[in-house]
Amino acid sequence: MNTVFGVTLRVFLTMAAAAVAATAVVGYLLLASVPDYDEDFTVPGIRGPVDILRDASAIPHISAASTADVYFALGFVHAQDRLGQMLRARRSAAAEAMRQRRVTFGRPVSAALDAYADGVNAWISELSRGGRGGGGPELLMLDAPIQPWEASDSLALVRAFLENLQIAHSSDEGKIMGVQVPAGRPNNAPGLLSHRRDADLDVWAVPASRTVSGAPILAADATGPLALPSQWYLADLQLPSGPVIGATLPGVPFVLIGRSENLAWGFRSSELTATALPDAAAEAFLAVLDRLTRSSSASGAVKKLADLPLTGLQLVAADVQAVETWPRCARPACKPAQDFRDIRRGVLDERQTIYSIESAVAVQQDVISAVARILLPLMAREMWFDAPAARGEGSTSSTLRSRVLDRLASWNGEMERLAPEPLVFWAWIRAFQQRILQDEYPAADHLWRRLRPDFLHAVLSDREGSAIWCDIRLSERRETCDEMLLASFDDALSWITRRYGDDPSSWAWGSEHVMVMKWSAIRPGSALDGFADLKAFAAGGPDTQKSTLFEAGETDPFEFRSGTNFQAVMTLGEDTASYFIAPAGQSGHPLSRFYDNLFSRWKQADYLDMSSDLSIARSAAAGLSRLTPLPRTNSD
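Under numbering that gives the first Met the number 0, residues 0 to 635 are what the sequence shown spells out, in order.
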């Protein structure tokens, strides 16, 4: 017995020791893979020394004597902080197919892409030497060597980015998803078979005559995945022609939204009628970004871009005096259709006579819903103003129904996270849409689960007979919209009370409206998925200026994983300022302190005041790294 016990004990202790050792090894590798921002490197491919100064938020400020060396260093820091993200994007963008194409770039773009690729590969070479824990948790699990980065990979990422914008702005989801308007229903209800803009670029500008400083203000934002790491990466490129700061895409060597010393720019995506993105669209977009960095005025930028086709995008550029748009287009067809978000911004613009940076930021952070202000009176009019029976007086739910209706009557449409009214409104919208569409499209649940306010507006206002959608086909009688609204209101209240009880004052929009930012490994579905997710209760909604895009499905209907994922407010002149905000940190490494350091700022709308002044960056720097050219051998 003692012998058996002794053997068992030894086996247990051996296994425990092995587990502890394995945990220690994994822990060491993970910690070793966190980049040291004070480490210097000797690398091939650069002409002279390059300084990479990381400010307090780990934003790199890159200084070099040549443009190529700056782009080399941008590739290096992108890979250092986001290589896993870049490899995942390369895989999904089908970069291999792009490598088979013969692509001809102008000399500046070609040089930038090549230098950038060299910088990425310099970091990959550092990882291949070992001692860095593989470069990150997801990279540690790779079962094959990392393939070198090529210029065509950057092109593939740009093309994928533009294609996502194109799909998001497609005007006919029906063709894409294989569904049609049923017989006997009007084919004039907008928004029923159209895509929601899961990917979008937007920009607006205030002319100099309407600003406190006397210089234009440019405000830009992007809609896309709220994922970890962030889709965007902030950088300051101290080019020989002057500094350029703003948002970059990891894998691409240019600032997409940002400013130079003389020019600020952003893009507005619009509806595309073409069925396929032109082959030259990605190349042209890269050329646009390159020329913007070398433009000294808004009018000069437009002249430089005159020969480039900018498919599905409109540039808005501002200098110290003027605002220019390109392509210029006066035809109504060139103007994007106004949505509820545009309506709200128009209201805000009418109220604001003179703008400051602070008032522009307030517009970007506005969370009052035009959908609620327009649709709610149409939904609740019978219950607010007509017979008491509409409130269900005498029924068991009459008291709760009346209390909630009274709250909605005094609500201004603000999607505040602690307020109950947004929860009631969107639960009601969801239940109403499900009641009128589920019998029409029982198999196409994406149509009735994804909320479609344009379609509902047409139905509720009976635009050209659209109220017929409220009739349930399978019933013998003809139902009215008022009946469907009353029934769906009860559906919504029942859904809420099951979760939060029957006291409306205790309900909160943020309890259901939760931002979920998921961290994913290179291969979705791997053991590391969800390893370092972030969550936050949030204000806003699908149509607010800071948008949140939820699916309204069966489980967690108002949880969202996409929405506004970058915002910028910029002005030039004597009071030059650049305010940027993104939902996560610069690093893609979950153990880095710069992985989620911007998350709390994002929740509080606390913009980063980003400057190209290196003395400011040095004041609380997170690190200073120098890249030194590899000494040439005699054979060179």
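Note that the Cβ used here is the ideal one computed from N, Cα and C, for glycine as well.
With a cutoff of 8 Å on beta-carbon distance, A57 and S586 are scored as near each other. Rounded to the nearest angstrom, the gap between the Cα atoms of T563 and R477 is 41 Å. Assignment of beta strand (DSSP E) within the segment 498-582, counting only whole runs of 3 or more residues, yields 513-516, 533-536, 547-549, 559-570 and 576-580 in chain order. Contiguous beta strand (DSSP E) elements confined to the segment 296-333 occur at 312-317 and 322-325, taking only those with 3 or more residues.
Ranking G584, L459 and R631 by CA distance to the CA of A55 puts G584 first. With a cutoff of 8 Å on beta-carbon distance, V202 and A218 are scored as near each other.
A residue is called buried when at least 16 other Cβ atoms come within 10 angstroms of its Cβ; Q337 does not meet this threshold and is exposed. Across the structure, R434 and L404 are spaced so that their CA atoms are roughly 20 Å apart. The continuous alpha helix (DSSP H) containing H77 extends over residues T66 to S91. The straight-line gap separating the alpha-carbon atoms of P43 and D35 is approximately 20 Å. With respect to the 8 Å criterion, V362 and Q237 are not classified as neighbours on the basis of their beta carbons.
Rounded to the nearest whole angstrom, the CA to CA distance from H445 to V370 is 20 Å.
Bridge pairing for F266: L314 [DSSP].
Checking the DSSP bridge columns, you'll see T210 partnered with Y354. P541 and P630 have their C-alpha atoms spaced approximately 55 Å apart. Where W425 is concerned, there is no enclosing beta strand (DSSP E), although the alpha helix (DSSP H) around it starts and stops at E420 to L436. Cβ-Cβ distances below 7 Å link P185 to E463, G464, S465 and I467 in the same chain, with the five nearest sequence neighbours on each side left out; the list follows chain order. Leaving aside the five residues that flank L374 on each side, the residues in its chain whose CB is nearer than 8 Å to its CB run, in chain order, I428, P452, L455, H456 and L459. Annotated three-state conformation of L191 is coil, per DSSP.
About 6 Å separates the beta carbons of D197 and L548, which is inside the 8 Å limit, making them a contact pair. Distance from F71 to D117 at the Cβ level is roughly 5 Å; contact confirmed, criterion being Cβ atoms closer than 8 Å. Under the Cβ criterion (8 Å, minimum of three pairs), the segment 145-164 counts as touching the segment 117-133. Nearest neighbour of K302 by Cα position, chosen from A280, V157 and R327, turns out to be R327. Spatial neighbours of R158 in its own chain (CB-CB distance under 6 Å, excluding positions within 5 residues in sequence) are listed in chain order as A281. DSSP, reduced to helix, strand and coil, places H456 within a helical segment of the structure shown.
Inclusion of D306 and V108 in the CB contact set at 8 Å is not warranted, their separation being larger than that value. Per DSSP, V403 is one residue of the alpha helix (DSSP H) stretching across S397 to A408. Apart from sequence neighbours up to five positions away, the residues of its chain that approach A297 with a beta-carbon distance below 7 Å are L262, A316, A317, D318, A321, V322 and E323, ordered along the chain. With fewer than 16 other beta carbons inside 10 angstroms of its own, I353 counts as exposed. The C-beta distance from L407 to A379 rounds to 6 Å, short enough to meet the 8 Å contact threshold. In the structure shown, D199 adopts extended strand secondary structure according to DSSP, grouped into three states. Rounded to the nearest angstrom, the gap between the Cα atoms of A426 and F160 is 33 Å. Rounded to the nearest whole angstrom, the C-alpha separation of V423 and L597 is 31 Å.
For the set F253, F536, L154 and Q566, the Cα lying nearest the Cα of F557 is the one of F536.
Here the alpha carbons of F40 and S624 stand approximately 8 Å from one another. For S614, the enclosing alpha helix (DSSP H) covers residues L613 to R617.
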